[in-house]
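**Student:** Read top to bottom, the protein sequences are chains A and B. Numbered according to the working numbering, the first sequence spans residues 484 to 908. Numbered according to the working numbering, the second sequence spans residues 484 to 908. C-beta: ideal position from N, C-alpha, C; glycine also. Keep in mind it's a predicted model, so treat the numbers as computed, not measured.
2 protein chains.
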Amino acid sequence: MKYKYMSVEELKKLEQRLNIEYENIKTSNLSLDMSRGKPASAQLDLSNDILAKPIDNYITSEGIDSRNYGILDGITEIKTLFSSLLDIPNKNIIIGGNSSLNLIYDAFARLYIFGADGSEPWGKCKTKILCPVPGYDRHFAICEEFGFEMINIPMTDEGPDMDMVENLVREDENIKGIICVPLYSNPDGICYSDSTVERLSCMQTKAKDFKIFWDNAYAIHHVYKEHKLANIFSLSKKYGTDDRIIYFFSTSKITFPGSGVAMIASGDNYIEEIKKHFGIQTIGHNKLNQLRTFNFFHNAEGVKEHMKKLGDLLKEKFDIVLNTLDKEVADKGILKWNKPDGGYFISVFTLPGCASETVKLAREAGLVLTGAGATYPYHNDPEDSNIRLAPSYPTCGELQKAIDIFCVCLKLATIRKLIEQKEQQ
Amino acid sequence: MKYKYMSVEELKKLEQRLNIEYENIKTSNLSLDMSRGKPASAQLDLSNDILAKPIDNYITSEGIDSRNYGILDGITEIKTLFSSLLDIPNKNIIIGGNSSLNLIYDAFARLYIFGADGSEPWGKCKTKILCPVPGYDRHFAICEEFGFEMINIPMTDEGPDMDMVENLVREDENIKGIICVPLYSNPDGICYSDSTVERLSCMQTKAKDFKIFWDNAYAIHHVYKEHKLANIFSLSKKYGTDDRIIYFFSTSKITFPGSGVAMIASGDNYIEEIKKHFGIQTIGHNKLNQLRTFNFFHNAEGVKEHMKKLGDLLKEKFDIVLNTLDKEVADKGILKWNKPDGGYFISVFTLPGCASETVKLAREAGLVLTGAGATYPYHNDPEDSNIRLAPSYPTCGELQKAIDIFCVCLKLATIRKLIEQKEQQ
């Protein structure tokens, strides 16, 4: 029965019952964590050959000693692998260190200090960034760090609301960019439609140095079904807007987050501009890590095979969360959620005003969830409704416990809110 | 005989003879390079166990899975090793990626954007940086990238001219920093005296956010003799100026430049400020690389043992250069040079106006040297005199050829200059 049709008395009875359940949970002193998109040990184990396998040959196919200095944009082996995996021309790719987040931060810092394409530095403008919401908290933290104003863009089933995006970027020259996780978006698991990708490529922007931060973190992280993302590189090339794209990718959630290989790519001109700055910033990134990663996969097919195994492990976790939500709350009218086909998260929406309380109750019962509001710029979820569930890290047993606790806390928070509302009427 | 005492006729005869020698060299189509401080293969081979040795245990002493996300400031093992090696408190250290240059660049970028210690961002001031000269070209390139004005500070046998430094920093609040390679300086191989280090620690600076960029790149890179650098950390702690220090170090020239482990350290307050920004910039650096490096050395003693072997290899190279210079040009009065006790370079000073021509002649004869002027800000050596010789990379056979060619080119360039001067008199 839907909670909203229940009387105050019925709700109070239910609250009593849930309170007992909740207090029982508290006494078990649990310590569960589904706050971050951290791979489980079992997922990492699939890459342990990287730790075991020696590097027999450190000379690359181009005769470069990968132990020594040099090669600013990455060894050919790994560039070619990424190029083939993501269908981006080799010449548009630079391989970075172990973290695409670091590349994103540095890209923002570069734009802040130097601007792009000969325009004014972003630090000297009233720079605004479009942020599809809910989104990735670390992206928002970067924008906030640089003092760039963030503008919420609601997500639709096809990605960000493109009518809104087009209208805003056409009119306001201070809107300098949009930050996207285009496939299996964090946290909603939404896949940008072909039309969305095309409209992003061809839209008219008042800012001449407009950039699309294309954080394709989950490019091959399929779980239930394999979505294919339109190729923003070839589309933007067609429209002559390829320098607008700054594309990010890494193997952090493919091999080891602790030693991934990250990539940045952009159009023919802007990638050269980036390279000039890189040439001052470093002599070259970790080539042996690039080689180790290449030796483990050999080619794009090797990566895809590996991702199937990772996907299967993640599927078990997703199943636990989705089945439990179905069983526990589907008929209560207190939670909406997406069933994502891939990525790392399940994003849920409580009734307005119930997210913070749910997260708080969970924390007090020994379950850490991503903070309510974290999925919005400035930690401000205007509805106090979205919670990001990250099921990857706990074991299946722990996860079942965690999601059970989540359901109890959610019910309790919602019932209390409903009682309060009904009593005020 | 000293060239300057020779008549024009004598010089012209000598020039003819050298010309024949030079043209002969050209016909052999050599391709030699002593331009960069790149370790030789034989040096790298000493670390090949890092490539061969599997990681049997990826769990750190603190129970952290180094394959996964997390640990912003580095695994305890490597922090403790660096702490003990450099005598810097563990809590003041952050381990970075594979390049200390990258950490230096990022430190400048951070100061440009955010300032430090609550002061105005350096990008908003007319920031000036003191640059001991000759110095490291990549340091100067970073200052130039950010538009910071560089002020030349002459080097003495004890480090930068401290009278000049003290006077400048006391008067001008736009002088925000000084960039130092305090031990076996690049390129002169000068070791800062205890007095220099103490004066840097205690000097009064008009800029409240003054920083000393302490790039201790050759901290343990002894060749002929082991110099001990005064501990700027404990000295500045004594004077309450420890937040003034930003200390850099890496294993790039210890293990592999392609996969080193870099470090940044600073005073109690400023290191926390850096950490806050790091927490936005990345989730953590490559922990498996840290672990591999630790597993290879085990402790500071292990590093020191290893450095003895590296020093022996470098000594052979230094010997070749120094002996040849002694033999070929010592009595000619055309070149001054330092005999460094460690580091990576031999820095030579031609007669004024002869460096560029020497480098040009060498290049045309198949020998690449560091560009003349590279050791000065804006590539402007006011005397056109300094040339940095980097003997590490070539084999001993190649190096002997290279330094022979250098001597021929130097003599030729100097003789031509002297003839020109004498004929103008």
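Checking the sheet assignment: what are the DSSP bridge partners for residue 614 of chain B?
**Tutor:** Taking the first residue of the second sequence as position 1, residue 614 of chain B is located at position 131. Note: residue 614 of chain B sits in a beta bridge opposite B:635.
**Student:** If distances are taken between C-alpha atoms only, which option among A:525, A:893 and A:516 comes closest to residue 738 of chain A?
**Tutor:** As a working note, residue 738 of chain A is residue 255 in the first sequence. Checking every option, the nearest Cα to that of residue 738 of chain A belongs to A:525.
**Student:** Can you tell me where the alpha helix (DSSP H) holding residue 842 of chain B begins and where it ends?
**Tutor:** Along the second sequence, read from residue 1 onward, the residue named residue 842 of chain B stands at position 359. Note, residue 842 of chain B: alpha helix (DSSP H), 838 to 847.
**Student:** Among residues of its own chain, excluding the 5 on either side of residue 756 of chain A, which ones have a beta-carbon nearer than 7 Å to its beta-carbon?
**Tutor:** As a working note, residue 756 of chain A is residue 273 in the first sequence. These residues qualify, in order along the chain: 599.
**Student:** Tell me which same chain residues have a C-beta within less than 6 Å of the C-beta of residue 821 of chain B, skipping the five on either side of it?
**Tutor:** Indexing the second sequence from 1 puts residue 821 of chain B at position 338. Hits under 6 Å: 671, 672 and 830.
**Student:** So, does the CB of residue 582 of chain B fall closer than 9 Å to a CB anywhere in chain A?
**Tutor:** Locating residue 582 of chain B in the second sequence gives position 99, where the first residue counts as 1. Chain A contact via Cβ: present.
**Student:** Kindly identify the DSSP beta-bridge partner or partners of residue 869 of chain B.
**Tutor:** Within the second sequence, the letter at position 386 stands for residue 869 of chain B. Residue 869 of chain B is bridged to B:832.
**Student:** Please identify, using Cβ separations under 9 Å, the residues of the stretch 530 to 542 of chain B that lie next to chain A, in order along the chain.
**Tutor:** 530, 531, 533, 534, 535, 536, 537, 538, 539 and 541
**Student:** Roughly how many angstroms lie between the CA atoms of residue 618 of chain A and residue 805 of chain A, to the nearest whole one?
**Tutor:** As a position in the first sequence, residue 618 of chain A is number 135, starting the count at 1. As a position in the first sequence, residue 805 of chain A is number 322, starting the count at 1. Rounded to the nearest whole angstrom, the C-alpha separation of residue 618 of chain A and residue 805 of chain A is 20 Å.
**Student:** Considering only the beta carbon of each residue, do residue 824 of chain A and residue 659 of chain A sit closer than 9 Å?
**Tutor:** The residue labelled residue 824 of chain A in the question sits at position 341 within the first sequence. The residue labelled residue 659 of chain A in the question sits at position 176 within the first sequence. Against a cut-off of 9 Å, the Cβ pair of residue 659 of chain A and residue 824 of chain A comes out as no contact.
**Student:** Where residue 645 of chain B and residue 683 of chain B are concerned, what is the direct C-alpha to C-alpha distance, given to the nearest angstrom?
**Tutor:** What you label residue 645 of chain B is simply residue 162 of the second sequence in a count that begins at 1. What you label residue 683 of chain B is simply residue 200 of the second sequence in a count that begins at 1. One C-alpha to the other measures close to 8 Å.
**Student:** Which whole-angstrom value is the C-beta distance of residue 626 of chain A and residue 636 of chain A, which I expect to be below 8 Å?
**Tutor:** Within the first sequence, the letter at position 143 stands for residue 626 of chain A. Within the first sequence, the letter at position 153 stands for residue 636 of chain A. No, residue 626 of chain A and residue 636 of chain A are not in contact; Cβ-Cβ is about 13 Å, not under 8 Å.
**Student:** On the CB-based measure, 16 or more other CB atoms within 10 Å of its CB, does residue 484 of chain B come out buried or exposed?
**Tutor:** As a working note, residue 484 of chain B is residue 1 in the second sequence. By the 10 Å Cβ count, residue 484 of chain B comes out exposed.
**Student:** Go through its chain and collect everything with a Cβ distance to residue 491 of chain B's Cβ below 7 Å, but skip five positions before and after it.
**Tutor:** Within the second sequence, numbered from 1, the residue matching residue 491 of chain B stands at position 8. So the list reads 902, 905 and 906, once near-sequence residues are dropped.
**Student:** Spell out whether any CB of chain B is found under 9 Å from the CB atom of residue 771 of chain A.
**Tutor:** What you label residue 771 of chain A is simply residue 288 of the first sequence in a count that begins at 1. So, interface residue.
**Student:** Taking its Cβ as the centre, do 16 or more other Cβ atoms sit within 10 Å of residue 754 of chain B, making it buried, or is it exposed?
**Tutor:** Counted from its first residue, the second sequence places residue 754 of chain B at position 271. Under this definition residue 754 of chain B is a buried residue.
**Student:** Against chain A, does residue 861 of chain B count as a neighbour if the rule is that its beta carbon must be under 9 Å from one of theirs?
**Tutor:** Position 378 of the second sequence, counted from the start, is the residue given in the question as residue 861 of chain B. Not an interface residue.
**Student:** Measuring only between beta-carbons, confirm whether residue 431 of chain A sits less than 9 Å from chain B.
**Tutor:** A query on residue 431 of chain A cannot be resolved here, the shown segment of chain A reaching from 484 to 908 and no further.
**Student:** Suppose the cutoff is 6 Å on Cβ atoms and the five residues either side in sequence are ignored; what does the same chain contact list for residue 775 of chain A look like?
**Tutor:** As a position in the first sequence, residue 775 of chain A is number 292, starting the count at 1. 533.
**Student:** Please identify, using Cβ separations under 8 Å, the residues of the stretch 584 to 617 of chain B that lie next to chain A, in order along the chain.
**Tutor:** 584, 585, 588, 589, 592, 595, 596 and 606
**Student:** Give the secondary structure of residue 569 of chain A by DSSP, where H, G and I count as helix, E and B as strand, and everything else as coil.
**Tutor:** By one-based count along the first sequence, residue 569 of chain A stands at place 86. Helix.
**Student:** For residue 817 of chain A, which option in A:893, A:727, A:769 and A:877 has the closest C-alpha, if you only look at C-alpha atoms?
**Tutor:** The sequence position of residue 817 of chain A within the first sequence is 334, counting from 1. It is A:893.
**Student:** Using 8 Å as the Cβ pair cut-off and three pairs as the minimum, do the stretch 692 to 700 of chain A and the stretch 660 to 667 of chain A touch?
**Tutor:** At 8 Å Cβ cutoff, the stretches touch.
**Student:** What is the residue span of the beta strand (DSSP E) that residue 891 of chain A lies within?
**Tutor:** Taking the first sequence and counting its residues from 1, the one referred to as residue 891 of chain A is at position 408. Note, residue 891 of chain A: premise wrong, no beta strand (DSSP E); alpha helix (DSSP H) at 879 to 907.
**Student:** Please state whether DSSP places residue 517 of chain A in a helix, a strand or coil.
**Tutor:** Sequence index remark: in the first sequence, residue 517 of chain A carries index 34 (1-based). Residue 517 of chain A falls in the strand class under three-state DSSP.
**Student:** What in chain D is Cβ-close to residue 499 of chain B, meaning under 7 Å?
**Tutor:** The structure shown has no chain D; the protein chains it does contain are A and B.
**Student:** Check whether the stretch 567 to 582 of chain A and the stretch 538 to 550 of chain B touch, using three or more Cβ-Cβ pairs below 8 Å as the test.
**Tutor:** no
**Student:** Within the 9 Å Cβ cut-off, does residue 660 of chain A reach chain B?
**Tutor:** Here residue 660 of chain A refers to the residue found at position 177 when the first sequence is read from its first residue. No, no contact with chain B.
**Student:** Is there a Cβ of chain A sitting closer than 9 Å to that of residue 704 of chain B, yes or no?
**Tutor:** Position 221 of the second sequence, counting from 1, holds the residue named residue 704 of chain B. Chain A, which has no Cβ nearer than 9 Å to the Cβ of residue 704 of chain B, makes this no.
**Student:** With residue 785 of chain B as the anchor, note down where its alpha helix (DSSP H) starts and where it stops.
**Tutor:** Within the second sequence, residue 785 of chain B is the residue found at index 302, counting from 1. Run containing residue 785 of chain B: 783 to 812, per the alpha helix (DSSP H) assignment.
**Student:** By how many angstroms is the C-alpha of residue 515 of chain B removed from the C-alpha of residue 881 of chain B?
**Tutor:** One-based indexing of the second sequence puts residue 881 of chain B at position 398. One-based indexing of the second sequence puts residue 515 of chain B at position 32. Spanning the two alpha carbons is a distance of roughly 7 Å.
**Student:** Show which residues of chain A have a CB atom less than 9 Å away from the CB atom of residue 622 of chain B.
**Tutor:** Here residue 622 of chain B refers to the residue found at position 139 of the second sequence. Within 9 Å Cβ-Cβ: nothing; residue 622 of chain B doesn't reach chain A, min ~10 Å.
**Student:** Bridge partners for residue 825 of chain B per DSSP, in chain order?
**Tutor:** If you number the second sequence from 1, residue 825 of chain B lands on position 342. According to DSSP, residue 825 of chain B bridges with B:705.
**Student:** Suppose you measure from the CA of residue 610 of chain A to the CA of residue 657 of chain A; what does that come to, to the nearest Å?
**Tutor:** Looking up residue 610 of chain A in the first sequence gives position 127. Looking up residue 657 of chain A in the first sequence gives position 174. Approximately 5 Å between the Cα atoms of the pair.
**Student:** Would residue 752 of chain A be called buried (16 or more neighbouring beta carbons within 10 Å of its own) or exposed?
**Tutor:** As a working note, residue 752 of chain A is residue 269 in the first sequence. The residue is exposed, with fewer than 16 neighbouring Cβ atoms inside 10 Å.
**Student:** For a cutoff of 9 Å on Cβ pairs, would you count residue 548 of chain B as touching chain A?
**Tutor:** In the second sequence, the residue the question calls residue 548 of chain B occupies position 65. Answer yes: the Cβ-Cβ gap between residue 548 of chain B and chain A drops below 9 Å somewhere.
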